[in-house]
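Before any comments, here is the structure.
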Amino acid sequence: ARSPSSKAPHAAQRLIEEMERLRAEGDPEVRPTTRAWNSVISAWAQWKGEEMAWGRVGSGAERAEACLDIMEELANTTGNEEVRPNSYNYNSVISALANSQDDGAASRAEAILERMENLYRTTLDDKIKPRTATYNAIIDAWAKSGEPDAAARAELLLAHMMDLYETGHNVDAKPNVRSFNSVLNAWAKSGNSIAPEQAGELLTRMEELDASGEWDLSPDATSFATAINVFARSHAFGKAKSSHELFLHMKELYDKSGKAALRPNNVVYNSVMNACAFSVGDLEEQSQALEIANKMLVGLDESPHGKPDQVTYGTYLKVVNNQMPPSEARDQVVHTVFRKCAKDGMVGELVLRQLREMGMEEMYEQLVGQSSWGDFQLSDLPSEWTCNVIEGKRQRRWQFRR
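As structure tokens, then:
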């Protein structure tokens, strides 16, 4: 089931069907269980479809979803309760839908939740009781869906979790920090004009609930970085200032509490800088964005919790490109920042891309030693320029560990 082969889920499906055939024929040694079926579900969850001449077809999430129907039908028709889906099976399918790119995946995941809730209300069977992780996976599905009302749907589900816990109908659905962070992420991806206001209210609510003593909902670095990204992706005037104020509030909370989860890391610094890069407005707004970006760059360089990385330098160059008009002063800033970046071993793809986007061919060649249109790899640059670059998901994990 864990094989990367595209044939693996088909093989797993055939195997479970053969097990069921042997059970039906009376073989006492063979009895398919929910655990065996979950291996099949996991295999389908990883399946990306079949490659055809006209493109990729098929949905692993849809096949995983169909396994639930087969399991229920087998339990009902054969009396084998060992194949009746439990919360682990339901959660696996919900996660498959959340991570798929299927149309309507979030709605389908929520329909499975409703199925679980109805079954639990009817049977009070703890084995199919939806818990916090179940709800979080569906909130995540809405955040990833790209649907126009995704953020509102995610927030409604969070309110439902709150109600279930507070009324005692399902105390195992108690929202946690991840629940709130997933809703914040949904607002960050929404493009909705009210997203910054909603993000601010969610952060305030987390702090108030945490202060009550009943909820462990203190916002963490992810909460603040995501809320800052809400501002960065919005068209709100003054978003550089608003993002910086969130950063300062987070830093104040960390200084007071000493909580490691609130430690200002690279992701938070870079998120504020990103808001500065995409600030729009008059000259005063541009100057303010540049000033805040400078504070972030210097602050991170002096911080005991992290150092500027390739994202920091690349984003700062984007700030310079967007907020400073072409001038000798801008050229000097670019030159100084690139030299510092190279000294730190942080010349990554993002840094080079931002340099190219500035359209300064002569300076690019002077700094990099290559034409901006040349076909070269990072490995062609001096190794000391790139020795500390960490790209992709590994980079994000590293940043949050710092």
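To convert, count from 1 in the sequence shown and add 9; that's my numbering.
Where is the CB? At the ideal position from N, CA and C, for every residue including glycine.
What you are looking at is a predicted structure, and each value in this text was computed from that prediction instead of being measured.
The alpha helix (DSSP H) enclosing residue i, as first and last residue numbers
{"i": "Lys153", "result": "Thr141 to Ser154"}
{"i": "Ile301", "result": "Leu292 to Glu311"}
{"i": "Pro228", "result": "Here Pro228 belongs to no alpha helix (DSSP H), and DSSP marks it neither H nor E."}
{"i": "His276", "result": "Correcting the residue type first, residue 276 is Val in the shown sequence and not His. Looking at the DSSP string, the run of the alpha helix (DSSP H) that includes Val276 is Asn275 to Ala286."}
{"i": "Ser264", "result": "In the sequence as displayed, the identity of residue 264 is Asp instead of Ser. Lys248 to Ser266 is the extent of the alpha helix (DSSP H) around Asp264."}
{"i": "Cys350", "result": "Glu337 to Lys352"}
{"i": "Thr324", "result": "Gln319 to Gln332"}
{"i": "Thr42", "result": "That residue, Thr42, is in no alpha helix (DSSP H); it is neither H nor E in DSSP."}
{"i": "Ser68", "result": "Here Ser68 belongs to no alpha helix (DSSP H), and DSSP marks it neither H nor E."}
{"i": "Ile137", "result": "From DSSP, Ile137 is part of no alpha helix (DSSP H); its letter is neither H nor E."}
{"i": "Ala107", "result": "Ser96 to Ala107"}
{"i": "Phe385", "result": "Careful: Phe385 lies outside any alpha helix (DSSP H) and carries neither H nor E."}
{"i": "Ser191", "result": "Val186 to Ala197"}
{"i": "Leu173", "result": "Ala159 to Thr176"}
Reference residue i; option with closest CA among the options
{"i": "Val342", "options": "Gly357, Thr131, Tyr322 and Gly354", "result": "Tyr322"}
{"i": "His169", "options": "Glu119, Gln295 and Ser392", "result": "Glu119"}
{"i": "Glu358", "options": "Arg348, Met333, Ser388 and Gln332", "result": "Ser388"}
{"i": "Ala159", "options": "Ala21, Ala142, Ala204 and Asp78", "result": "Ala204"}
{"i": "Ala284", "options": "Asp318, Glu371, Ile301 and Ala161", "result": "Ile301"}
{"i": "Gly177", "options": "Leu262, Arg130 and Tyr325", "result": "Arg130"}
{"i": "Asp291", "options": "Ala142, Glu29, Lys248 and Phe240", "result": "Lys248"}
{"i": "Asn238", "options": "Ala45, Leu255 and Gly113", "result": "Leu255"}
{"i": "Arg187", "options": "Pro157, Ser202, Ala220 and Ala152", "result": "Ala152"}
{"i": "Lys304", "options": "Val328, Pro94 and Leu173", "result": "Val328"}
{"i": "Ser227", "options": "Glu123, Pro184 and Gly200", "result": "Pro184"}
{"i": "Glu90", "options": "Leu122, Trp46 and Ile103", "result": "Trp46"}
{"i": "Thr141", "options": "Ser96, Gln332 and Ser154", "result": "Ser96"}
{"i": "Val356", "options": "Ile25, Ala84 and Gln386", "result": "Gln386"}
{"i": "Thr324", "options": "Glu156, Pro391, Thr87 and Ala241", "result": "Ala241"}
{"i": "Met171", "options": "Ser202, Trp382, Glu223 and Ala338", "result": "Glu223"}
{"i": "Leu83", "options": "Glu26, Pro335, Lys136 and Val320", "result": "Glu26"}
{"i": "Lys316", "options": "Gly383, Cys350, Asp134 and Lys260", "result": "Cys350"}
{"i": "Pro335", "options": "Asn85, Met372, Val320 and Thr213", "result": "Met372"}
{"i": "Gly35", "options": "Ala75, Thr87 and Ser68", "result": "Thr87"}
{"i": "Ser243", "options": "Lys268, Ser288, Glu217 and Arg214", "result": "Ser288"}
{"i": "Glu123", "options": "Gly155, Glu261, Leu166 and Gly113", "result": "Leu166"}
{"i": "Glu156", "options": "Asn201, Asp318, Gly209 and Asp134", "result": "Asn201"}
{"i": "Ser154", "options": "Gly209, Glu175, Gly113 and Arg339", "result": "Gly113"}
{"i": "Pro391", "options": "Asp384, Gly383 and Gln379", "result": "Gln379"}
Residues near residue i in its chain [Cβ-Cβ closer than 6 Å; skip 5 each side]
{"i": "Lys16", "result": "none"}
{"i": "Ala270", "result": "Asp229"}
{"i": "Glu400", "result": "none"}
{"i": "Ser109", "result": "Ala70"}
{"i": "Arg23", "result": "none"}
{"i": "Leu173", "result": "Asn179 and Ala182"}
{"i": "Ser232", "result": "Asn190"}
{"i": "Thr143", "result": "Asn100"}
{"i": "Phe246", "result": "Gly290"}
{"i": "His19", "result": "none"}
{"i": "Asp219", "result": "Leu226 and Ser227"}
{"i": "Leu306", "result": "Tyr325"}
{"i": "Leu128", "result": "Ile137"}
{"i": "Met215", "result": "Phe189, Leu226 and Pro228"}
Whole-angstrom C-beta distance between residue j and residue i, which should lie under 8 Å
{"i": "Pro139", "j": "Ala182", "result": "7 Å"}
{"i": "Arg40", "j": "Arg30", "result": "Contact flag wrong, Cβ pair sits at about 12 Å."}
{"i": "Ile121", "j": "Ile103", "result": "6 Å"}
Distance CB(residue i)-CB(residue j) smaller than 8 Å
{"i": "Lys250", "j": "Gln207", "result": "no"}
{"i": "Ser252", "j": "Val281", "result": "yes"}
{"i": "Asp229", "j": "Ser191", "result": "no"}
{"i": "Ser116", "j": "Ala54", "result": "no"}
{"i": "Gly308", "j": "Tyr263", "result": "no"}
{"i": "Ala163", "j": "Ala195", "result": "yes"}
{"i": "Glu286", "j": "Thr235", "result": "First, the amino acid is wrong: residue 286 is Ala here, not Glu. For Ala286 and Thr235, no; Cβs fall outside 8 Å."}
{"i": "Thr132", "j": "Val92", "result": "no"}
{"i": "Asn98", "j": "Met125", "result": "no"}
{"i": "Val346", "j": "Leu361", "result": "no"}
{"i": "Pro94", "j": "Leu106", "result": "no"}
{"i": "Ala299", "j": "Met333", "result": "The question names Ala, but residue 299 is Leu in the sequence shown. Cβ atoms of Leu299 and Met333: closer than 8 Å."}
Proximal residues to residue i (C-beta, below 7 Å), its chain only, five neighbours per side dropped
{"i": "Asn330", "result": "Gln363, Glu366 and Met367"}
{"i": "Ala21", "result": "Ala10, Ser48, Val49 and Ala52"}
{"i": "Glu71", "result": "Asp111"}
{"i": "Leu211", "result": "Phe189, Val192 and Leu193"}
{"i": "Ala161", "result": "none"}
{"i": "Arg272", "result": "Ala230, Tyr263 and His314"}
{"i": "Ser199", "result": "Ala159 and Ala160"}
{"i": "Arg348", "result": "none"}
Cβ shell of residue i (< 8 Å), same chain only, five flanking positions each side left out
{"i": "Gly354", "result": "Glu393, Trp394, Thr395, Cys396, Asn397 and Val398"}
{"i": "Trp63", "result": "With a pLDDT of 45 at Trp63, under the threshold of 50, the modelled position of that residue is not reliable, and no figure is offered here."}
{"i": "Asn294", "result": "Looking at the sequence itself, residue 294 is Glu, so the reference to Asn does not match. Once the five neighbours on either side are set aside, the close Cβ partners of Glu294 are Phe246, Gly247, Ala249 and Ser288."}
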